[in-house]
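Number of protein chains: 2
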Amino acid sequence: MDIVIGVDIGGTKTKIGLVDKNGKCLVQSFFRTREFPDLDDYLDKIKTTSDELLQSLEVKPNILGCGIGAPNASSKNGTIENASNLVWKGSVPILEKLKERMNMPMRIMNDASAAALGEMLFGGAKTMQDFIVITLGTGFGAGIVTNGQLVDGYDGFAGELGHVDMTIGDGRLTGLGVKGGLEAYVSATGLKRTILYMQSKYMVESRFRDVAYNDLHGEDITKAAEEGDEIALKAFDYTANIMGLALANFTAFTQPEAFILMGGLTNSGKWILEPLEKYFNEYLLEVYKGKVNIMLSSMEGKTAAICGAAALIWEKQD
Amino acid sequence: MDIVIGVDIGGTKTKIGLVDKNGKCLVQSFFRTREFPDLDDYLDKIKTTSDELLQSLEVKPNILGCGIGAPNASSKNGTIENASNLVWKGSVPILEKLKERMNMPMRIMNDASAAALGEMLFGGAKTMQDFIVITLGTGFGAGIVTNGQLVDGYDGFAGELGHVDMTIGDGRLTGLGVKGGLEAYVSATGLKRTILYMQSKYMVESRFRDVAYNDLHGEDITKAAEEGDEIALKAFDYTANIMGLALANFTAFTQPEAFILMGGLTNSGKWILEPLEKYFNEYLLEVYKGKVNIMLSSMEGKTAAICGAAALIWEKQD
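Note that the protein sequences, when read in sequence, are chains A and B. Its first residue numbered 1, the first sequence is counted upward by one per residue in the numbering used here. Its first residue numbered 1, the second sequence is counted upward by one per residue in the numbering used here.
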């Protein structure tokens, strides 16, 4: 049985799974990224976790390679560069160092670009030539496909839309210090920041008056919205407004057929989606109206990123 | 001799030329677009102008086809739709109607996309796979190339970046009524609007205190800057600031190797380019620094748009 090892390097978790040719993740595992601040230890951990997964299969698999999705990864250089959500600083030659441990075909790509490949091979974008995957986790990532091809950019760093400045003037700082950067507003983290902002702006009561930033969790914000908590509702509306404008702007760039959303923020369901649809259509240029879908990824949340990473190797097979 | 008819439909002028396989415009002519408010009269005028040009050649040419660049043109539909700078409203089936008059292979495309094709075939982008052409005339247009291919979008309307909203909140309205739209600031027209804005904001003396909006011309603004007119200098700085931010944002989208600028505003030379370079590098994400060039089109200004339009047909020849 042919399989591909998919590795999703996230700011919080590193997920590893074995993916078959239909995009099914047969087995998976994860560990906390921050527990391995030393790069060599971290890469050893990827190796041992992969080995454990491989040994757990009943049939001995034929390993085609290893695909890796990571923030700020350059597919062309095989590196992760200045990722604000990871502890290793500067330019990390991750592909080269992992190859020393695992001798097999290997590719690395920006996590959102990998997710876009996954959607194209295994998910909701099988029939699409022009679409954008948006990942809404710790940060805001984008994987852009035009003319049926992933947009990599001159140097492999296309799609860093989380650091697009949405404000002429003064805005929140992203992890990379970009003023007004999109992901400072539109991401799971951005929503938490907005919960604080709304409490600073309005004097209304809220369950969050008793919760510190580090104790804030996305699911609690969703629950609060369901209970009618005004701060939560205002926070979703504010997030959706900026996101609606951003997606309308992105439409003017490559005119995708659809935006496919995934990641923690999408777990808030209608609380983010309904105002998002409203603002998006309000901002969308007339010529695009009715032509651009916003949809949730149909891939299973827990394995979508792993399957996206594995798609880097699967797309090269015939 | 093989030639292609190139037609550039602009808000002010319609330019027509005959272009050989090296991108040389052999003869050209123009007329004022607004003198033909009736679409049929306008298309007749394109036909007669083309015929005159063809007859002016000493050798009888072999006509391969006609390429058309126009604002808000859809390559997929063969239409111009809701172009704010043209008098014909709604969806104009220009390709179909022109074919009734000129029976030959014909393609239409957004003018900036056509310009990008022209740069790829004949100009400074011959060796590039990822670049963006920016046209700075009455409006702000963008022709985006990734993976060596023009980005058309799902429906042929990619690259409408002039209507990207650069402000969360309140901004100038574009011709399409988009609040804060980029071309309301960054275009030959935007610069004129900024000359008024600066006079409203500052009380300093300026030669423009005696000039009404309709009498403002780009070359006078350049001349004023050369003479140290503070309003002109502030206007260039303000324009360059917004443009620098926009180009830095666009870089995060497709990571082009270069931005190639053309159109009226570029005639202001260093007055726009020097502050643009400064702001662009200030806003650019660290990971892109030193990797993205801003350059002027090397194509001859008067015929660049015609050659771009002709490139629509030339790119299909082998």
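Note that the Cβ used here is the ideal one computed from N, Cα and C, for glycine as well.
Problem set entry | Residue range of the unbroken beta strand (DSSP E) whose run includes A/I28 | Contrary to the premise, residue 28 of chain A reads as Gln rather than Ile in this sequence. Per DSSP, the continuous beta strand (DSSP E) segment holding A/Q28 begins and ends at 25-32.
For this session: Report the option in B/K291, B/K179, B/G290, B/C307 whose CA atom is closest to the CA atom of B/S297.
Result: Minimum Cα distance to B/S297 is reached at B/C307.
For this session: Report the neighbours of B/F208 on chain A: residues whose CB is nearer than 8 Å to its CB, in chain order.
Result: When 8 Å is used as the limit between beta carbons, B/F208 is near no residue of chain A, the shortest such separation being about 23 Å.
Exercise. For B/A304, which option in B/M1, B/T239, B/N22 has the closest C-alpha, if you only look at C-alpha atoms?
Worked result: Comparing Cα positions, the closest option is B/N22.
For this session: Please find out if some non-hydrogen atom of the ligand ZN comes closer than 8 Å to the beta-carbon of B/K192.
Result: For the structure depicted, the ligand ZN is absent and the ligand set is empty, with no information on it obtainable.
For this session: Taking only runs that begin and end inside the segment 235-312 of chain B, name each unbroken alpha helix (DSSP H) of 4 or more residues, in chain order.
Result: Qualifying alpha helix (DSSP H) stretches, in chain order: 270-283.
Exercise. Just by C-beta distance, which residues in the segment 71-89 of chain B are closer than 9 Å to chain A?
Worked result: Residues N72, S74, E81, N82.
Exercise. Between B/M104 and the rest of its own chain, which residues show a CB-CB distance below 7 Å, the 5 nearest in sequence each way excluded?
Worked result: Excluding the 5 residues flanking it on each side, B/M104 has same chain C-beta neighbours closer than 7 Å at I63, G65, C66, in chain order.
Exercise. What are the start and end residues of the alpha helix (DSSP H) that includes A/G118?
Worked result: Per DSSP, the unbroken alpha helix (DSSP H) holding A/G118 starts and ends at 111-122.
Problem set entry | Boundaries (first-last residue) of the beta strand (DSSP E) holding B/K13 | Segment 13-19, the beta strand (DSSP E) holding B/K13.
Problem set entry | Contact with chain B by A/V287, beta-carbon distance below 9 Å | Residue-level contact by beta carbon holds for A/V287 and chain B, with a gap shorter than 9 Å.
Problem set entry | CA-to-CA distance, B/S29 to B/D40, given in whole angstroms | Whole-angstrom Cα-Cα distance: 19 Å.
For this session: Enumerate in chain order the residues of its own chain whose CB-to-CB distance from A/L43 is below 7 Å, with the five nearest sequence positions on each side excluded.
Result: These residues qualify, in order along the chain: K97, L98, R101.
Exercise. Name the chain E residues whose beta carbon is nearer than 7 Å to that of B/Y238?
Worked result: Of the protein chains in this structure, namely A and B, none is chain E.
Problem set entry | Contacts that A/A158 makes with chain B (C-beta to C-beta distance below 7 Å) | Below the 7 Å Cβ cutoff, chain B contributes F253, T254, Q255 as neighbours of A/A158, in chain order.
For this session: Could you spell out the range, first to last residue, of the beta strand (DSSP E) harbouring B/L136?
Result: Counted as a single uninterrupted DSSP element, the beta strand (DSSP E) harbouring B/L136 occupies residues 131-136.
For this session: Give the secondary structure of B/D318 by DSSP, where H, G and I count as helix, E and B as strand, and everything else as coil.
Result: Coil at B/D318, not helix or strand.
Exercise. Taking the Cβ atom as the reference point for each residue, do B/I272 and B/F131 lie within a distance shorter than 9 Å?
Worked result: One thing to note: B/I272 has its Cβ no nearer than 9 Å to the Cβ of B/F131.
Exercise. Is A/S113 buried or exposed, if buried means 16 or more other CB atoms sit within 10 Å of its CB?
Worked result: Note on A/S113: 16 or more other CB atoms within 10 angstroms of its CB, so buried under the neighbour-count rule.
Problem set entry | Within chain A, partners of B/K324 - CB distance below 8 Å | There is simply no residue 324 of chain B to check, as chain B begins at 1 and stops at 318 in what is shown.
Exercise. Any C-beta of chain B sitting closer than 9 Å to the C-beta of A/D111?
Worked result: At a cut-off of 9 Å between beta carbons, A/D111 makes no contact with chain B.
Exercise. Could you give the distance in angstroms between the alpha-carbon of B/G11 and the alpha-carbon of B/T33?
Worked result: A straight line joining the alpha-carbon of B/G11 with that of B/T33 spans about 7 Å.
Exercise. Closer than 9 Å, CB to CB, is B/T146 near chain A or not?
Worked result: Residue contact check for B/T146 against chain A: a CB pair falls below 9 Å.
Exercise. CB A/S187 to CB A/F236, shorter than 9 Å?
Worked result: One thing to note: A/S187 has its Cβ no nearer than 9 Å to the Cβ of A/F236.
For this session: Excluding the 5 residues preceding and the 5 following A/L324 in the sequence, name in chain order all residues of the same chain whose CB lies nearer than 8 Å to its CB.
Result: Any question about residue 324 of chain A goes unanswered here, given that chain A covers just 1 to 318.
Exercise. Can you tell me whether A/S75 is buried or exposed, with buried defined as 16 or more other CB within 10 angstroms of its CB?
Worked result: A/S75 should be labelled buried.
Exercise. Can you tell me the Cα-Cα spacing of A/P61 and A/C25, whole angstroms?
Worked result: Spanning the two alpha carbons is a distance of roughly 13 Å.
For this session: Have a look at B/I134 and B/E286 and give me their C-alpha separation to the nearest angstrom.
Result: Distance between the alpha carbons of B/I134 and B/E286: 23 Å.
Problem set entry | CA-to-CA distance, B/K270 to B/E226, given in whole angstroms | One C-alpha to the other measures close to 10 Å.
Exercise. Which residue spans inside the segment 145-217 of chain A form an unbroken alpha helix (DSSP H) run of at least 4?
Worked result: Runs found: 188-201.
Problem set entry | Contacts of A/Q149 in chain B (Cβ-Cβ under 8 Å) | Going along chain B in sequence order, the residues near A/Q149 (Cβ under 8 Å) are T146, N147, Q149.
Exercise. Do you know whose CA, among A/D20, A/G301, A/G290, lies nearest A/L121's CA?
Worked result: Of the candidates A/D20, A/G301, A/G290, the one whose C-alpha sits nearest the C-alpha of A/L121 is A/D20.
Exercise. Would B/N281 count as contacting chain A if we go by Cβ distances under 9 Å?
Worked result: Cβ-Cβ to chain A under 9 Å: no for B/N281.
For this session: Buried or exposed for A/N110, please, with buried defined as at least 16 other CB atoms from any protein chain shown within 10 angstroms of its CB.
Result: Buried, because 16 or more other Cβ atoms sit within 10 Å of the Cβ of A/N110.
Problem set entry | Same chain only: Cβ atoms within 6 Å of A/L319, ignoring 5 sequence neighbours per side | The question about residue 319 of chain A has no answer, for chain A in this structure spans 1 to 318.
Exercise. In or out: A/S56 buried (at least 16 other Cβ within 10 Å) or exposed?
Worked result: Counting the other Cβ atoms within 10 Å of the Cβ of A/S56 gives fewer than 16, which makes it exposed.
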